[in-house]
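Residue numbers (the numbering used here): 13 to 120.
In this text, a Cβ means the ideal position worked out from N, Cα and C, and glycines have one as well.
What follows is a short report on a single structure.
In structure tokens form, the structure reads like this:
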């Protein structure tokens, strides 16, 4: 039951934020663009899922290596961690530089 509550929040809360953003945009511009705000993140998610599938496939198709008595494994498994770390570090600095939180936007 706890996992269901967490997943419910994971899927529900972004749409609450999209509704607030769409309402704020409608007040400032007079145009209702709620569908754009609800649909655009899906495009980005699908794009990154496709790129991720290509990257994972490329990493796992690299030659196998044998280390000691362990079964051979792809070099891609050894590279997967550092690649993910670099992506997370870039995302952290991008977010720190370009994302600003305005907690008083509803009061405007």
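In the DSSP assignment, what residue or residues form a beta bridge with residue i?
i: residue 86; result: 76
Could you tell me the distance, in whole angstroms, from the CA atom of residue i to the CA atom of residue j?
i: residue 91; j: residue 71; result: 8 Å
i: residue 119; j: residue 74; result: 54 Å
i: residue 20; j: residue 28; result: 12 Å
i: residue 40; j: residue 69; result: 45 Å
i: residue 60; j: residue 97; result: 16 Å
i: residue 66; j: residue 57; result: 14 Å
i: residue 105; j: residue 116; result: 24 Å
i: residue 14; j: residue 80; result: 42 Å
i: residue 113; j: residue 47; result: 23 Å
i: residue 108; j: residue 93; result: 22 Å
i: residue 18; j: residue 82; result: 38 Å
Near residue i, which residues of its chain fall below 8 Å by C-beta distance, leaving aside the five closest residues on each side in sequence?
i: residue 53; result: 26 and 30
i: residue 63; result: none
i: residue 95; result: 67 and 71
i: residue 43; result: 37
Just to check my reading of the structure: residue i and residue j have Cβ atoms closer than 8 Å, yes? What is that Cβ distance to the nearest angstrom?
i: residue 34; j: residue 49; result: 5 Å
i: residue 37; j: residue 45; result: 6 Å
Near residue i, which residues of its chain fall below 6 Å by C-beta distance, leaving aside the five closest residues on each side in sequence?
i: residue 86; result: 72, 74 and 76
i: residue 88; result: 71, 72 and 74
Please list, in chain order, all residues of the same chain as residue i whose beta carbon is under 7 Å from its beta carbon, the five residues on each side excluded.
i: residue 84; result: 76, 77 and 78
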